[in-house]
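Engineer: Following the numbering used here, the numbering of the sequence shown begins with 5 at its first residue and continues without gaps.
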Amino acid sequence: MKLKALAFSLTALLQITAHAAQPFPIEEASISKIQTALKSGKLSCTDLVDAYLARVAAYDKQGPALNAVLTINPAAHELALAKDAEFKKTRKLSGPLHCIPIAAKDNYNTLDMPTTGGSEALKGVRPAIESTVTRKLREAGAIILMKTNMHELALSGTTVSSLGGQTRNPYDLTRTPGGSSGGTGVAIAANFATAGLGSDTVNSIRSPASANALVGFRSTLGLVSRAGVMPVSDTQDVVGPITRTVTDAAIMLDAIAGFDAADMTSARGASHIPKTYTAYLDAKGLKGARIAVLKTFLGTKPEHEEVNLAMANAVAALKKAGATVVEIDDPMFDAGAINNDYDVQKWEFKPLFNAYLQSLGDATPVKTLSEFIASGKFNKPTLEKFLTTSNAIETPREQKEYLLRLSKLDGLRDRLLMRMKEQNVDTIIYPLQKRLVVPIGELNQADRNGILAAMTGFPAFTVPIGFSKPSANAPIGVPIGMDIMGKPFDEATLVKVAYAFEQATKVRKPPSTTPELK
């Protein structure tokens with residue numbers, strides 16, 4: 005009996021030892037799974053950070069050479085050690101994002117890493133004030149692990165910059181990753197970090213989400229502070245999360261939403277924030293929902309066919325999950341026309357950028373947009389026309405064309421709310437991009453629809469809805485994303501609908517170019 009008991013004990017011990025020796029799989033790991041592993045002792049913060057950095061080393065500048073990362077936090081290892089020491093002492097997590105590694109777009113001010121906007125002209129610049137969002141994430145326990153490449157100054161959508169070069173799409177290395185937050189999108193898709201931060205002036209959070217099978221969340225203008233983020237347009241800029249799941253986006257939103265005196269627009273959202281957005285993660289949230297397809301945002305040409313097929317499948321999935329899907333067909337909602345007739349970036353950019361440069365003080369070698377242009381240290385093919393046009397506008401906020409555009413925005417918002425009321429819907433869906441993300445070498449992403457949320461200030465979730473047909477360049481196809489847009493400050497409904505759709509479809513697949521490290 006003693007021999008049998010000893011044999012049993014040895015077998016059990018071997019099983020426990022083998023289990024303990026198994027590394028925690030960080031690929032596709034969610035915030036909650038990571039924190040469960042941290043609390044159980046199966047994972048340390050140091051091991052988590054080291055595992056992500058190993059993937060960056062393997063895939064960012066070699067292998068598929070995704071070129072998504074500009075800077076690794078030099079204090080990352082020490083920060084992780086401190087988190088481990090704190091947990092060992094208290095047996096409590098330091099916050100809702102304890103040890104969660106974050107990839108931040110390089111237009112977020114960070115004290116421990118340069119903030120360059122992807123520009124050679126701002127290489128090495130270290131702002132004296134942290135952005136509100138990264139500060140809030142750190143206070144919640146997160147580690148800002150890296151700064152990611154972006155379309156320079158966040159002014160276009162293919163993620164190429166003079167400092168970082170071209171970032172590549174991990175699903176098809178011949179294509180761009182969308183933009184301008186493409187470096188963050190690729191970092192999250194390739195599992196270089198748990199969650200990411202982007203900014204969105206027209207499409208720039210949602211475009212990389214669409215192109216990388218991710219969740220991108222453009223919240224209502226005024227819900228999240230933009231203080232300490234390199235600006236483009238006060239009317240259009242929003243900052244927010246890029247994640248692999250709706251749950252992680254909701255957790256991130258809990259941490260970053262709220263009033264900040266450094267951004268006056270945040271006063272709008274202060275009374276609209278629930279105790280937690282995670283309370284709306286309802287897998288049955290589509291039962292009885294009414295959702296409208298924005299018909300005018302669907303393409304009609306051969307190059308739109310694959311996206312339209314994915315949208316048709318998404319509509320079928322919504323209906324199967326219990327939603328009623330109707331149409332809004334209004335010629336006023338034409339993405340091209342809204343881009344041409346409403347966008348105000350070129351009027352607002354110069355004064356905002358000049359003020360930002362001045363806030364940097366002696367940290368920056370260029371003090372004005374004129375000096376930035378004169379340096380020549382920027383990506384001229386994609387930026388020069390916009391920069392020189394914006395710089396040539398004197399007293400931009402007094403220009404009749406600018407004031408006319410602003411005056412039309414309430415009409416656009418009211419028209420959209422009216423159509424939603426007529427159809428008795430709380431959410432609208434449409435493809436974020438009418439066609440697949442463009443190949444590397446094209447200067448702009450054609451046929452993007454994100455402008456409607458940008459100009460109205462309404463919130464929109466981008467979620468994966470499928471892939472194009474596999475090809476030699478895209479072994480599992482190119483990702484396709486759908487916007488779910490809601491009413492102002494009704495993020496709770498968007499979380500509910502997006503989560504229920506995600507759970508009903510489970511579309512996301514990681515890219516084949518960045519497999520698990522052995």
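Glycine residues also receive a C-beta, built at the ideal position from the N, C-alpha and C atoms.
By how many angstroms is the C-alpha of residue 499 removed from the C-alpha of residue 285?
Structural biologist: Start at 1 with the first residue of the sequence shown, and residue 285 comes out as number 281. Start at 1 with the first residue of the sequence shown, and residue 499 comes out as number 495. Each residue's Cα considered, the two are about 6 Å apart.
Engineer: Go ahead and label residue 25 buried or exposed: buried means 16 or more other beta carbons lie within 10 angstroms of its beta carbon, across all protein chains shown.
Structural biologist: Working through the sequence shown from its first residue, we reach residue 25 at position 21. The predicted model places residue 25 with a pLDDT of 48, which falls under 50 and marks its position as unreliable; any figure quoted below should be read in that light. The residue in question, residue 25, is exposed, as its Cβ has fewer than 16 Cβ neighbours within 10 Å.
Engineer: Helix, strand or coil for residue 503? Go by DSSP, reduced to three states.
Structural biologist: Position 499 of the sequence shown, counted from the first residue, corresponds to residue 503. Residue state, collapsed to three classes: helix.
Engineer: Could you give the distance in angstroms between the alpha-carbon of residue 408 and the alpha-carbon of residue 348?
Structural biologist: Translated into the one-based positions of the sequence shown, residue 408 becomes position 404. Translated into the one-based positions of the sequence shown, residue 348 becomes position 344. Distance from the CA atom of residue 408 to the CA atom of residue 348, rounded to whole angstroms, is 10 Å.
Engineer: Under a three-way DSSP split, which group does residue 460 fall into?
Structural biologist: The residue given as residue 460 occupies position 456 in the sequence shown. If DSSP states are grouped into helix, strand and coil, residue 460 belongs with the helices.
Engineer: Taking only runs of the alpha helix (DSSP H) that begin and end inside the region 303–391, which ones reach a length of at least 4 residues, in chain order?
Structural biologist: 309–324, 339–346, 349–363 and 373–379
Engineer: Tell me the rounded alpha-carbon separation between residue 16 and residue 44.
Structural biologist: Sequence index remark: in the sequence shown, residue 16 carries index 12 (1-based). Sequence index remark: in the sequence shown, residue 44 carries index 40 (1-based). For residue 16, the predicted model reports a pLDDT of 41, less than 50, meaning its position is unreliable and no value from the coordinates is stated.
Engineer: Is it true that the region 300–317 meets the region 465–472, where meeting means three or more beta-carbon pairs spaced less than 8 Å apart?
Structural biologist: yes
Engineer: Given that a residue counts as buried once 16 or more other Cβ atoms are within 10 Å of its Cβ, and exposed if not, what is residue 128?
Structural biologist: Taking the sequence shown and counting its residues from 1, one reaches residue 128 at position 124. Per the 10 Å Cβ criterion, exposed.
Engineer: Determine the burial state of residue 437: buried for a count of at least 16 other Cβ atoms within 10 Å of its Cβ, exposed for fewer.
Structural biologist: Working through the sequence shown from its first residue, we reach residue 437 at position 433. Answer is buried; the Cβ neighbour count reaches 16.
Engineer: Would the region 258–273 and the region 227–238 be scored as touching if the rule is three or more Cβ pairs under 8 Å?
Structural biologist: With three or more CB-CB distances shorter than 8 Å, the region 258–273 counts as touching the region 227–238.
Engineer: Between which two residues does the beta strand (DSSP E) carrying residue 206 extend?
Structural biologist: Here the question's residue 206 lines up with position 202 in the sequence shown. Taken as a continuous stretch (DSSP letters only), residue 206 belongs to no beta strand (DSSP E), as it is neither H nor E.
Engineer: Which stretch, first to last residue, makes up the alpha helix (DSSP H) that contains residue 109?
Structural biologist: Locating residue 109 in the sequence shown gives position 105, where the first residue counts as 1. Careful: residue 109 lies outside any alpha helix (DSSP H), inside the beta strand (DSSP E) at 105–109.
Engineer: Put residue 490 into one of helix, strand or coil per three-state DSSP.
Structural biologist: Within the sequence shown, numbered from 1, the residue matching residue 490 stands at position 486. Residue state, collapsed to three classes: strand.
Engineer: Once DSSP output is grouped into helix, strand and coil, what is the label at residue 173?
Structural biologist: Here residue 173 refers to the residue found at position 169 of the sequence shown. Strand at residue 173.
Engineer: For the pair the region 104–115 and the region 231–243, tell me if three or more CB-CB distances fall below 8 Å.
Structural biologist: yes
Engineer: Do residue 302 and residue 326 have their C-beta atoms closer together than 8 Å?
Structural biologist: If you number the sequence shown from 1, residue 302 lands on position 298. If you number the sequence shown from 1, residue 326 lands on position 322. No.
Engineer: Residue 293 to residue 505, Cα distance in whole Å?
Structural biologist: In the sequence shown, residue 293 corresponds to position 289, counting from 1. In the sequence shown, residue 505 corresponds to position 501, counting from 1. Near 11 Å, if we compare the C-alpha coordinates of residue 505 and residue 293.
Engineer: Look at the alpha carbon of residue 99 and the alpha carbon of residue 38, and state the distance between them as a whole number of angstroms.
Structural biologist: Looking up residue 99 in the sequence shown gives position 95. Looking up residue 38 in the sequence shown gives position 34. Answer to the nearest angstrom: the Cα atoms are 13 Å apart.
Engineer: Which residues bound the beta strand (DSSP E) around residue 297?
Structural biologist: On the sequence shown, residue 297 is found 293 positions in, with the first residue counted as 1. Taken as a continuous stretch (DSSP letters only), the beta strand (DSSP E) holding residue 297 covers 294–298.
Engineer: My understanding is that residue 85 touches residue 42, with C-beta atoms under 8 Å, so please give their C-beta distance in whole angstroms.
Structural biologist: In the sequence shown, the residue the question calls residue 85 occupies position 81. In the sequence shown, the residue the question calls residue 42 occupies position 38. Their Cβ separation, rounded to whole angstroms, is 14 Å, which puts residue 85 and residue 42 out of contact at 8 Å.
Engineer: Would the region 184–204 count as touching the region 247–258 if we require 3 or more Cβ pairs under 8 Å?
Structural biologist: yes
Engineer: By the DSSP assignment, the beta strand (DSSP E) with residue 212 in it spans what residues?
Structural biologist: On the sequence shown, position 208 is the one that residue 212 refers to. Segment 210–215 is the alpha helix (DSSP H) holding residue 212; no beta strand (DSSP E) there.
Engineer: Identify the residues that DSSP records as bridge partners of residue 112: which are they?
Structural biologist: Taking the sequence shown and counting its residues from 1, the one referred to as residue 112 is at position 108. Answer is 233.
Engineer: Return the bridge partner residues of residue 446 from the DSSP annotation.
Structural biologist: The sequence position of residue 446 within the sequence shown is 442, counting from 1. Paired residues: 444.
Engineer: Alpha carbon to alpha carbon, how far is residue 191 from residue 54? Give it in angstroms, no decimals.
Structural biologist: Counted from its first residue, the sequence shown places residue 54 at position 50. Counted from its first residue, the sequence shown places residue 191 at position 187. The alpha-carbon atoms of residue 54 and residue 191 are separated by roughly 15 Å.
Engineer: If you compare alpha carbons, which of 381, 310, 239 and 354 is closest to residue 439?
Structural biologist: The count along the sequence shown starts at 1 and reaches residue 439 at position 435. Comparing alpha-carbon positions, the option among 381, 310, 239 and 354 lying closest to residue 439 turns out to be 310.
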